[in-house]
Each structure stands twice: as C-alpha cells, then as structure tokens.
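S.K.: Mapped onto my numbering, the consecutive letters of the sequence shown carry residue numbers 216 to 632.
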Amino acid sequence: MINEILKAREERALLINDYLKSNNVVIVIKANIPGVNKNINEAYLLVNLFKKIVVSNLKLTLLSKKESKDGPFYLFTSNLDENIIKNKLIEIEETHPLGRFIDLDVYTKKGNICRNKVRNCFICDYPFHVCRISNNHSTDELLLFIKESVTNYLKEIILDMINTSMLKELGLHPKFGLVTPFSNGSHKDMDYKLMIKAKDAIIPYFWEMFLVGYTNDSLKTKFKKAKEIGIKAEEAMKKATNNINAYKGLIFILGLVLVSLGHLLIYNQDEPYLYENIKLMCRDIFDDIEKLEKTPGIIYYQKYKFKGARGEAKDGLKSVKIVVDYLDSHQELNHEILTLALIKLLDLTDDSVLLKRSGSLLKYKDNKKLITSIKEYDKKKVEEITTYCIKNNLSLGGCADLLITSVFIHLIKKILI
216 MINEILKARE
226 ERALLINDYL
236 KSNNVVIVIK
246 ANIPGVNKNI
256 NEAYLLVNLF
266 KKIVVSNLKL
276 TLLSKKESKD
286 GPFYLFTSNL
296 DENIIKNKLI
306 EIEETHPLGR
316 FIDLDVYTKK
326 GNICRNKVRN
336 CFICDYPFHV
346 CRISNNHSTD
356 ELLLFIKESV
366 TNYLKEIILD
376 MINTSMLKEL
386 GLHPKFGLVT
396 PFSNGSHKDM
406 DYKLMIKAKD
416 AIIPYFWEMF
426 LVGYTNDSLK
436 TKFKKAKEIG
446 IKAEEAMKKA
456 TNNINAYKGL
466 IFILGLVLVS
476 LGHLLIYNQD
486 EPYLYENIKL
496 MCRDIFDDIE
506 KLEKTPGIIY
516 YQKYKFKGAR
526 GEAKDGLKSV
536 KIVVDYLDSH
546 QELNHEILTL
556 ALIKLLDLTD
566 DSVLLKRSGS
576 LLKYKDNKKL
586 ITSIKEYDKK
596 KVEEITTYCI
606 KNNLSLGGCA
616 DLLITSVFIH
626 LIKKILI
C-alpha cells in the first residue's frame, strides 16, 4: 500500500508539471489524512468542502478532479499572483475549523511555494513534523480526532441552517393565513412564540436523522430508523406546544432530506442523489396506506388521489428541486423571493392543509388559482389575498414545510454538496 501511495504522489507531481507547461500556477486541494487509507469518506468531504471555500474566495479555473491511492484531489489554475493565492490559502487553512486537515498547495514553474510558518499537530501544539517523527500519536488516535472534528463541524452547520431555514419561513409577513411574527393568520391555536417553541423542540431530532443517514446501513434500514426518530420528534413537539401540531409535515419531509444528506456524504454522492435517495426510500410509501391512521392527508389521497407530502416524497421532492433551483438563481433570499417561492410550491404541489380548510376540492382549486395568480411580487395583492385567507380560515401549511426544506437545501448546497 505504501508503494501505491508513493506512486500516486509521483503521478500527481507529473500531472502538475504537465499542467504547468501551459499555466503559470497550479493549486492543489487535498485532504491531510494519516495512515495507509487515504480515501476515507472524510477525505472526500474535506476536499469538496474546501473546493467550495477556495473557489468562493479566489477566481480559479478547474483543471482536474482525481481519485488516487493518496486520496482524492482537485487541481485548479488562476491568473492571480501566486503569492496572493498562497496567502489566501494559508488564511483559509489557519482560520477554518477544519483547516488543519486540508493541504492547499500552490505550484509554479519554480516549484511548490512553501509557507513560512510550520503547521502544528492536529492534537497538540507541537510542530506536525516533530510529532510525526516522535510518533506522539497513533494513526487511530489521529483518525478518530479527524472524524470527531468533522462530525462536530457538520452538526454545527446543519443545525444552524435548519434553524435559519425555519426562521426565514416563519419571519415572512404577510403569508396567506400562515403564522408570522405579527399575526396568527388563520391559526387560532398557534402564534409566533408557540412556533418557536416547536422549532426548538424538534431541531435536535433532525441531527439524529442525519446521523442515521451518515452510516453504512441500507436506505431501507435508514428510512425505518428515521421513522422511529420522527415519532419521538412529534412527541417532543406536542409536549412543547401543549399538543398542537405545528411541524408534523416538516418532520417528515425535512427528516427525509437529512437522512439522504447523510447517505450522500458517507458515499460521496453528487447532488442529484439527494433527491434520488428520497425517491428510493419512499417508492413504496403508498403501499401500506390502508393500515395507516386516517389523517386528512390519507383520506384525501383515497378520495381524490391527492398526493400531498407523501406524493412529493415518492417523486423525490421534484417540486422542491424546482424551487431550490429558483432560489439558487438569486443572490439574496429576501422577502419577495421567499414569498414567490411559497407561491411556486403551491402551484406545483397538492397542499392538504389548504384542501382541508377549503372544505371541498372545488373550493380548493379556486383558492389555489387565486393565490397562484401572483406571478410577480405585489405587496398590495399579497396583503389582499392574505386578508381573504384569514377571513376564510385558509392556510398553506404543507407548502410552508416545503419552503423550509427548499431553503435548507439551497443553503447546504453552498457548503457541502
């Protein structure tokens, strides 16, 4: 294995030299993984994570993405001055929480530009080369430290983005009968403070669902385990809200996304698999429908073939993906963009909350047509239709859950996918 690693390093050096024939600079992004297995899943996560960070900080052109016995790596070039590039890369290495585990190197025709300051060990404050020569830490100890550090980082950013996504949806006002910071909307049993309590109660369970996905189990097993966690999340929500169902649909939809995200990262999958994994987990979701509790969503499916959240999941969040692409096309998720995204979701999906509150399928179609008539943001029209929704006890609870999910995927793509 050592010989294979050395050979892979020689091949990478030859590739760099080959690119330097037609480029002044070559930037290498590679994980700093101890031991003989350089291709642990954290290596892929690290190079993909830092690729996004580096590209967002420097104007680069991709030359190559490779896998090797020495681990995965990216090669980039740039027209920027090599010292400017190196200084920025050192800054990234030294300031990012996971910067100790990545090598960001700059090569020119004169060779590798070395940093002036020696890098310290992962675990202690001794220079890295001193620890390596003295064998102060075992390979297992170093690998465990890397894995724990990566997991802790993932927890921090994932929970923060879930919280941000939920607050962005909750903060929208006016919002077609949904709860906002300034109105209960059509919900006599809910207000902003209650929604915050519900949010805080369920967020920890989303991390548990991610961890279920972040294992080597089959998708079928992961789906089963996630359902059990979802039940616990519902119980925690009801306890926090005195038995009010604030986010049951979100627990289901966003929970699926978190399981799929974990699965995607553990197997180094590309973005399309975020949706494909959900499609695979939910392909039989309507098979046991006769045995399930007769919730409004189940009744509407049996009566009208109204798919609701289950149908969206079975289709691999097809509508959510369209809205994520819409959000990706805008630099800022402002009030107008998020309101239009909510309307798009209503246009693309079946909202069982709106159907229940409309009282009939015919009235549902009329109400849906009215709300989706807004094609460009018009504050006066949004306010007028929101007043109509509140007067008629209407709400878009299903689409609100999908909006939160869309915002989360949009945010997490910028860092991890």
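The C-beta atom is built at its ideal place from N, Cα and C for all residues, glycine as well.
1) What's the call for residue 258, buried or exposed, on a 16-neighbour Cβ count within 10 Å?
2) Is residue 237 helix, strand or coil by DSSP?
3) So, do the segment 288-296 and the segment 227-247 have three or more beta carbon pairs nearer to each other than 8 Å?
4) State the CB to CB distance for the pair residue 380 and residue 610, rounded to an integer number of angstroms; the pair is presumed to be in contact (CB under 8 Å).
5) Run the CB neighbour count on residue 559, radius 10 Å, all protein chains shown included, and call it buried at 16 or more, exposed below.
6) Take the Cβ of residue 598 as the centre, count every other Cβ of all protein chains shown within 10 Å, and call the residue buried at 16 or more, exposed below.
7) Is it right to say residue 329 is buried, meaning 16 or more other beta carbons lie within 10 angstroms of its own, or is it exposed?
8) Is the CB-CB distance between residue 561 and residue 586 below 8 Å?
9) In terms of residues, what are the limits of the beta strand (DSSP E) holding residue 280?
10) So, residue 555 versus residue 618, is the Cβ gap smaller than 8 Å?
11) Please name the residue, chosen from 467, 432, 514, that lies closest to residue 477 on a Cα-to-Cα basis.
12) Roughly how many angstroms lie between the CA atoms of residue 567 and residue 266, to the nearest whole one?
13) Mark residue 621 as exposed unless 16 or more other C-beta atoms lie within 10 angstroms of its C-beta, in which case mark it buried.
14) Which first and last residues belong to the alpha helix (DSSP H) in which residue 393 is found?
15) Counting beta carbon pairs with one atom in the segment 399-415 and one in the segment 443-462, are three or more of them shorter than 8 Å?
16) Between which two residues does the beta strand (DSSP E) harbouring residue 289 extend?
17) Would you mind stating whether residue 569 and residue 576 have Cβ atoms separated by less than 8 Å?
18) At which residues does the beta strand (DSSP E) containing residue 323 begin and terminate?
19) Given this structure, state the Cα-to-Cα distance separating residue 353 from residue 254, to the nearest angstrom.
20) If contact is defined by three or more beta carbon pairs under 8 Å, each pair taking one atom from either stretch, is the segment 437-454 in contact with the segment 411-424?
21) Of all the options 480, 525, 372, which has the alpha carbon lying nearest to the alpha carbon of residue 626?
22) Please classify residue 245: does DSSP put it in a helix, a strand, or coil?
23) Among 230, 286, 310, whose alpha-carbon lies nearest the alpha-carbon of residue 278?
24) Hey, quick one: how far does the alpha helix (DSSP H) through residue 259 stretch, first residue to last?
25) CB-CB under 8 Å to residue 344, same chain, minus the five flanking residues each way: which ones, in chain order?
26) For residue 308, count the other beta carbons within 10 Å of its own beta carbon; 16 or more makes it buried, fewer makes it exposed. Which is it?
27) Quick test of your reading: residue 492 and residue 479, contact by CB under 8 Å. State the CB separation rounded to the nearest angstrom.
28) Give the DSSP-derived three-state secondary structure of residue 326 in the structure shown.
29) Contact defined as beta carbons within less than 8 Å: I believe residue 530 pairs with residue 494. What is the distance between those atoms, to the nearest angstrom?
30) Excluding sequence positions up to five away, which residues of its chain have a Cβ less than 8 Å from the Cβ of residue 378?
31) What distance in whole Å lies between the Cβ atoms of residue 261 and residue 316, which are believed to be in contact at a cut-off of 8 Å?
M.R.: Quick look at the numbers:
1) As a first step, residue 258 must be located in the sequence shown, where it is residue number 43. Label assigned to residue 258: buried.
2) Translated into positions along the sequence shown, residue 237 becomes position 22. It is coil, neither helix nor strand.
3) yes
4) Numbered from its first residue, the sequence shown carries residue 380 at position 165. Numbered from its first residue, the sequence shown carries residue 610 at position 395. Not quite, the Cβ-Cβ distance comes to about 19 Å (not below 8 Å), so this is no contact.
5) Residue mapping note: residue 559 aligns to position 344 of the sequence shown, counting from 1. The residue in question, residue 559, is buried, as its Cβ has 16 or more Cβ neighbours within 10 Å.
6) Reading the sequence shown from its first residue, position 383 is the one you call residue 598. Looking at its Cβ environment, which holds fewer than 16 other Cβ atoms inside 10 Å, residue 598 is exposed.
7) Here residue 329 refers to the residue found at position 114 when the sequence shown is read from its first residue. Exposed, because fewer than 16 other Cβ atoms sit within 10 Å of the Cβ of residue 329.
8) Here residue 561 corresponds to residue number 346 of the sequence shown, with the count starting at 1. Here residue 586 corresponds to residue number 371 of the sequence shown, with the count starting at 1. One thing to note: residue 561 has its Cβ within 8 Å of the Cβ of residue 586.
9) Translated into the one-based positions of the sequence shown, residue 280 becomes position 65. For residue 280, the uninterrupted beta strand (DSSP E) segment begins and ends at 276-281.
10) As a position in the sequence shown, residue 555 is number 340, starting the count at 1. As a position in the sequence shown, residue 618 is number 403, starting the count at 1. Against a cut-off of 8 Å, the Cβ pair of residue 618 and residue 555 comes out as no contact.
11) As a working note, residue 477 is residue 262 in the sequence shown. Taking only the C-alpha atoms, the option nearest residue 477 is 432.
12) The residue given as residue 567 occupies position 352 in the sequence shown. The residue given as residue 266 occupies position 51 in the sequence shown. Straight-line Cα distance between these residues: approximately 41 Å.
13) Your numbering for residue 621 matches position 406 in the sequence shown. Counting Cβ neighbours within 10 Å, residue 621 comes out buried, since at least 16 surround it.
14) Within the sequence shown, residue 393 is the residue found at index 178, counting from 1. Element bounds for residue 393: n/a, residue is neither H nor E.
15) yes
16) Residue mapping note: residue 289 aligns to position 74 of the sequence shown, counting from 1. Unbroken beta strand (DSSP E) run through residue 289: 288-292.
17) Here residue 569 is taken as the residue at index 354 of the sequence shown, counted from 1. Here residue 576 is taken as the residue at index 361 of the sequence shown, counted from 1. In this structure, residue 576 does not lie closer than 8 Å to residue 569 by Cβ.
18) Position 108 of the sequence shown, counting from 1, holds the residue named residue 323. Unbroken beta strand (DSSP E) run through residue 323: 317-323.
19) By one-based count along the sequence shown, residue 353 stands at place 138. By one-based count along the sequence shown, residue 254 stands at place 39. Their backbone Cα atoms lie some 18 Å apart in a straight line.
20) At 8 Å Cβ cutoff, the stretches touch.
21) On the sequence shown, position 411 is the one that residue 626 refers to. Comparing Cα-Cα distances from residue 626 to each of 480, 525, 372, the minimum goes to 372.
22) Walking along the sequence shown from the start, residue 245 turns up at place 30. Note: residue 245 maps to strand in three-state DSSP.
23) The count along the sequence shown starts at 1 and reaches residue 278 at position 63. Out of 230, 286, 310, 230 has the C-alpha closest to the C-alpha of residue 278.
24) Here residue 259 refers to the residue found at position 44 of the sequence shown. Looking at the DSSP string, the run of the alpha helix (DSSP H) that includes residue 259 is 256-272.
25) The residue labelled residue 344 in the question sits at position 129 within the sequence shown. Excluding sequence neighbours, residue 344 sits near 333.
26) For this step, residue 308 is matched to residue 93 along the sequence shown. With 16 or more other Cβ atoms within 10 Å, it is buried.
27) As a working note, residue 492 is residue 277 in the sequence shown. As a working note, residue 479 is residue 264 in the sequence shown. That pair is a contact at about 7 Å.
28) Translated into the one-based positions of the sequence shown, residue 326 becomes position 111. Here residue 326 sits in strand by DSSP.
29) Along the sequence shown, read from residue 1 onward, the residue named residue 530 stands at position 315. Along the sequence shown, read from residue 1 onward, the residue named residue 494 stands at position 279. Correct: roughly 7 Å between the Cβ atoms.
30) Indexing the sequence shown from 1 puts residue 378 at position 163. Excluding positions up to five away in sequence, the list reads 414, 418.
31) Within the sequence shown, numbered from 1, the residue matching residue 316 stands at position 101. Within the sequence shown, numbered from 1, the residue matching residue 261 stands at position 46. Correct: roughly 6 Å between the Cβ atoms.
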